[in-house]
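What follows is a single structure, written as structure tokens, with notes after it.
In the numbering used here, the protein residues as written are 36 to 629.
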């Protein structure tokens, strides 16, 4: 940039030295790019020179990329790395480059990520000094501010191309066969660029980001089958449909070409800024398709629309890959400030496969269940029961637990892109938990579809009122094809040591007051491979639930039971048949049409 050598021929560039010509040319490139985009936060580009790869027939003219990445995915980073996880990003579970992240946040990269602001930049570009020093390809870079002559290596066009990469025109999917392998995602997460792509090899438009590594690799070498289908680019006057292809063709040559494959548009768009060869740019200095494609990765100028956060299904949820474990998620009440309070009961198994349960309570904020911490700092709490004290249940301070249930864009999360077929799921959520040093991130869906709910829906968390605490039941009811009602109940009770245990009772044709066999299940631990269950009779349950009401403990609902715990601790727990029961949770909503 400060080279004192005499200026070279460069039409319209008044620089008195080569260094000054370079500075004027790169500033012209920046001006052209910035005319197409708007940011409240300044975007800083660091431009350098170095000796990059070059020979008499080809050269790396320049290379660029973002200096940082951000994602809204709490399962990926802990609280010690808060700068990397940002909830202001429009889409969850996807990487964004530093520059559009700063634009979306309305503040600088360093203020998002922390660290010294005097050295933080958003984009770094390195130009190849060999091109000028060896006079390659007819005399080096063309630094003119006027349009380049035919065949010139246009510095301004190249700088615009590289800045666009730094602004987010790139995929983070690996395009070489080393390491994790071609097709693998950065930290196993999508990037916002790749979310705009589909693979059409099968004749159907299949999501590129939701594919397997092998399918992504195949798409990246499919020549014509990898397509950008975001709507703004398809509405651009610079987009011309090509036969049956659904979108803009992405560069996917038959063999992988690191640095070119995937992060460029195809050579059929000769004359566009983001083709993989400078000679194919044909001297173009206009954004063309680059404008709408960058808009899709975070550069749209329209005000952000407040998202419509999903209202979660209440009831029991499961992960198809962790059968036998599950949660009962229920709305309990609304505060005077309008905040909805929920409970989450996590029924699972310990290291020996014995049933145990945990409880969380807290608000739903922007589609995320954020459980309150107890006095020990736990948001997922284990309780110990002692019938000789009041209340009989106390939090177990010896155990450590945290939980987060997120209903936002779960379909795109790593947990729900694990190769498990979840066809037919009405809603998905990511369930991140940690217990005593173990942790998991599961993909959850409702156990019973909304259309299968009964007219008198007894779904909910039931308990014996404030005078009989420390035990309870999660109930689910469903209407069967023959119009009979299925009744499923999980009973939470203590063993002889006061440790919380659970078992279940299932009736294929529910009749209030009819006895149901109570079963205890031995399963597999939360971090263990799936194993077959062992179900054993452990008592009797006599439910007489008829009216889903939260208000009256002396209402019509009754539950009697006599159960045993079949593990080493042993113990029995019982209540007479006329024991009153009421909903702790709010009554379930009536299904549509009922």
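Beta carbons are placed, not taken as given, at the ideal position from N, Cα and C, and that holds for glycine.
Reduced DSSP secondary structure (H/G/I, E/B, other) of residue 318: Residue 318: coil per DSSP, three-state reduction.
Going by the beta-carbon positions, is the gap between residue 208 and residue 237 smaller than 9 Å? Contact: no.
Using C-beta distances below 6 Å, list every residue in its chain close to residue 334, excluding the 5 sequence neighbours before and after it, in chain order. Closer than 6 Å at the Cβ level, and outside the excluded window around residue 334, lie 72, 135.
Whether or not the stretch 375-394 and the stretch 345-365 are in contact is what I'm after, with contact meaning three or more pairs of Cβ atoms, one per stretch, closer than 8 Å; do they touch? The way I'd put it, the stretch 345-365 does touch the stretch 375-394; three or more beta-carbon pairs between them come closer than 8 Å.
Nearest residue (CA-CA) to residue 341, options 612, 122, 562, 616: The shortest Cα separation from residue 341 among 612, 122, 562, 616 belongs to 122.
My understanding is that residue 234 touches residue 246, with C-beta atoms under 8 Å, so please give their C-beta distance in whole angstroms. Right, their Cβ atoms sit about 6 Å apart.
For residue 190, the three-state DSSP class (helix, strand or coil): Secondary structure at residue 190: helix, using DSSP grouped into helix, strand and coil.
Using three-state DSSP, classify residue 167 as helix, strand or coil. For residue 167, the secondary structure class from DSSP, reduced to helix, strand or coil, is helix.
To test your reading of the DSSP string, which unbroken beta strand (DSSP E) runs of 3 or more residues are found completely within the stretch 511-589? The qualifying runs are 520-529, 535-542, 551-557, 569-579.
Beta-carbon proximity check, residue 558 vs residue 390, cutoff 9 Å: A contact, by the Cβ cut-off of 9 Å.
Just tell me which of 87, 274, 595 has its CA closest to the CA of residue 264. Closest option to residue 264, judged by alpha-carbon separation, among 87, 274, 595: 274.
Beta-carbon spacing of residue 87, residue 76 below 9 Å: Taking 9 Å as the cut-off, the beta carbon of residue 87 is found no closer than this to the beta carbon of residue 76.
Evaluate contact between the stretch 100-114 and the stretch 181-189, counting only Cβ atoms and requiring at least three cross-stretch pairs below 8 Å. The stretch 100-114 vs the stretch 181-189: no contact.
Under 8 Å: do the stretch 457-467 and the stretch 588-598 share three or more Cβ pairs, one atom per stretch? By the C-beta criterion, the stretch 457-467 is judged not to be in contact with the stretch 588-598, since fewer than 3 inter-stretch pairs fall below 8 Å.
Report the rounded CA-to-CA distance for residue 426 versus residue 266, giving the unit in angstroms. Answer to the nearest angstrom: the Cα atoms are 59 Å apart.
What does the alpha-carbon distance come out to for the pair residue 195 and residue 345? In a straight line, the C-alpha of residue 195 is about 40 Å away from that of residue 345.
Let's test the definition: count the other Cβ atoms within 10 Å of the Cβ of residue 117 and tell me whether it reaches 16, buried, or not, exposed. With a pLDDT of 44 at residue 117, under the threshold of 50, the modelled position of this residue cannot be trusted, and the question is left open.
Residues near residue 83 in its chain [Cβ-Cβ closer than 6 Å; skip 5 each side]: Contacts found: 161.
Please list, in chain order, all residues of the same chain as residue 210 whose beta carbon is under 7 Å from its beta carbon, the five residues on each side excluded. Hits under 7 Å: 217, 255, 291, 293, 296, 297.
If you follow the alpha helix (DSSP H) that residue 325 is part of, which residue opens it and which one closes it? Start and end: 325-329.
Hey, would you say residue 509 sits closer than 9 Å to residue 489, going by beta carbons? Not a contact, by the Cβ cut-off of 9 Å.
Please report the straight-line C-alpha distance between residue 36 and residue 257, rounded to a whole angstrom. Answer to the nearest angstrom: the Cα atoms are 41 Å apart.
Considering only the beta carbon of each residue, do residue 396 and residue 420 sit closer than 9 Å? Cβ distance not < 9 Å, so residue 396 and residue 420 don't count as in contact.
Min CB distance residue 533 to chain C below 9 Å: Among the chains in the structure shown there is no chain C, since it carries only a single protein chain.
Can you have a look at residue 313 and say buried or exposed, based on whether 16 or more other CB atoms are within 10 angstroms of its CB? By the 10 Å Cβ count, residue 313 comes out buried.
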